[in-house]
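In our numbering, the protein residues as written are 5 to 225.
No residue lacks a Cβ here, since even glycine has one placed at the ideal position from N, Cα and C.
Note that the structure is a prediction, hence the values are computed from the model and not measured.
A short worksheet on the structure shown next.
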Amino acid sequence: MDEPTNYLDENHINWLTNFLKNYENAFILISHDTTFLNNVVNVVYHLENCTLTRYTGDYNKFLELSAIHKAQQNSAYERQQQEVAQLEDFIARNKARISTTGRAKSRQKKLDKMDLIEKPQEKIKPHFKFKEARTPSRIIVEAKDLVLGYDEPLTKPVSFQLERGKKIALKGVNGLGKTTLLKTILGLIPPISGSLELGEFVEPGYFEQEEREKKRKDCLR
């Protein structure tokens with residue numbers, strides 16, 4: 005299953021969680037929903053730097069074991085680097101002396117046979133920033149007797165105000181009109197009735213639930 009909770013509401017996620025917890029057969033799950041992962045998986049395969057590592061337990065246990073594994077890798081690398089430096093120093097100081105050249109050659113053979121540990125790679129962290137615009141008015145969006153829908157209304161008349169700085173979540177089962185409300189606010193869908201106004205100097209940004217086919221094709225060119 006590839007990101008099965010992406011388009012599910014809370015009730016459907018709960019149903020799927022209970023179903024998978026009681027599922028008798030094996031399954032492979034790809035997900036970024038850590039709560040969902042903790043509830044349904046007992047083995048985690050971690051792919052990093054072209055290496056696949058198996059961890060037993062849920063996602064939280066994977067984080068714990070992965071941190072221990074990385075600490076052990078770093079410690080082993082540092083110890084070996086110290087040993088390599090000591091061997092190379094001994095060889096450099098003693099290979100030219102007749103009395104110690106034998107020991108220098110012995111150290112060189114040991115160094116040549118050593119299975120060197122690669123330096124653990126740090127994951128590159130992305131950096132980004134948003135372009136700042138002019139501060140908008142106190143009221144970002146104001147709706148009066150707004151009715152959402154397409155050919156048929158999805159809601160009764162609703163009125164609301166959204167103030168600058170507020171963070172609002174739209175919650176409800178699929179099909180109730182959450183996305184329709186967002187698209188109506190953005191002017192992508194006209195309301196059936198009522199009015200909706202954006203405040204002064206408001207510059208909306210919109211991250212869609214699904215990329216449009218044209219955008220996907222443009223990215224592949």
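Straight-line Cα distance separating residue j from residue i
| i | j | result |
| --- | --- | --- |
| Glu126 | Lys148 | 52 Å |
| Tyr81 | His131 | 28 Å |
| Asp155 | Arg142 | 33 Å |
| Leu224 | Gln213 | Bear in mind that the predicted position of Leu224 carries a pLDDT of just 42, short of 50, making it too unreliable to give a figure here. |
| Thr57 | Arg138 | 48 Å |
| His16 | Asp37 | 14 Å |
| Leu200 | Thr39 | 37 Å |
| Trp19 | Lys65 | 24 Å |
| Thr105 | Gln86 | 22 Å |
| Pro8 | Phe94 | 59 Å |
| Ser70 | His50 | 9 Å |
| Ala108 | Leu67 | 44 Å |
| Lys187 | Asn178 | 16 Å |
| Tyr27 | Thr55 | 29 Å |
| Lys25 | Glu14 | 16 Å |
| Lys133 | Ile193 | 29 Å |
| Gly169 | Tyr210 | 17 Å |
| Lys74 | Ala30 | 28 Å |
| Arg101 | Gln76 | 38 Å |
| Phe23 | Ile172 | 31 Å |
| Ser103 | Ile72 | 45 Å |
| Ile32 | Ala96 | 54 Å |
Selected residue, minimal CA-CA separation from residue i, among the options
| i | options | result |
| --- | --- | --- |
| Asn10 | Ile128, Pro208, Leu190, Ile34 | Ile34 |
| Ser163 | Glu146, Asn98, Pro130, Asn178 | Glu146 |
| Asn98 | Gln85, Gln112, Glu87 | Gln112 |
| Thr60 | Ala71, Leu69, Arg83, Val47 | Val47 |
| Glu122 | Ala89, Asn78, Leu115 | Asn78 |
| Leu3 | Lys160, Pro194, Lys129 | In the structure as shown, the chain starts at 5 and stops at 225, and residue 3 therefore has no counterpart that could be examined. |
| Gly198 | Asn43, Leu185, Lys109 | Leu185 |
| Leu12 | Ile193, Pro194, Gly176, Val206 | Gly176 |
| Glu136 | Val206, Ala96, Thr183 | Val206 |
| Lys182 | Arg168, Gly153, Ala96 | Gly153 |
Proximal residues to residue i (C-beta, below 6 Å), its chain only, five neighbours per side dropped
| i | result |
| --- | --- |
| Gly191 | none |
| Pro157 | Val151, Ile196 |
Contact set for residue i: own chain, Cβ-Cβ below 7 Å, skip 5 residues either direction
| i | result |
| --- | --- |
| Asp6 | Ile34 |
| Glu217 | Low confidence applies to Glu217: its pLDDT is 48, below 50, so where it sits in the model is not reliable enough to give any reading. |
| Ile128 | none |
Same chain, Cβ closer than 8 Å to residue i, five either side skipped, listed in chain order
| i | result |
| --- | --- |
| Pro208 | Ile189, Leu190, Leu202 |
Beta-carbon proximity of residue i to residue j, cut-off 8 Å
| i | j | result |
| --- | --- | --- |
| Leu174 | Ile144 | no |
| Gln2 | Leu120 | Because the chain here runs from 5 to 225, residue 2 falls outside it and cannot be looked at. |
Rounded distance between the beta-carbons of residue j and residue i, thought under 8 Å
| i | j | result |
| --- | --- | --- |
| Pro140 | Glu204 | 6 Å |
| Leu91 | Lys117 | Incorrect: roughly 11 Å between the Cβ atoms, too far for contact. |
| Tyr63 | Val88 | Contact doesn't hold; Cβ gap of about 37 Å is too wide. |
| Asn43 | Thr21 | 5 Å |
Any C-beta of chain C under 8 Å from that of residue i
| i | result |
| --- | --- |
| Asn29 | The structure shown has no chain C; it contains just one protein chain. |
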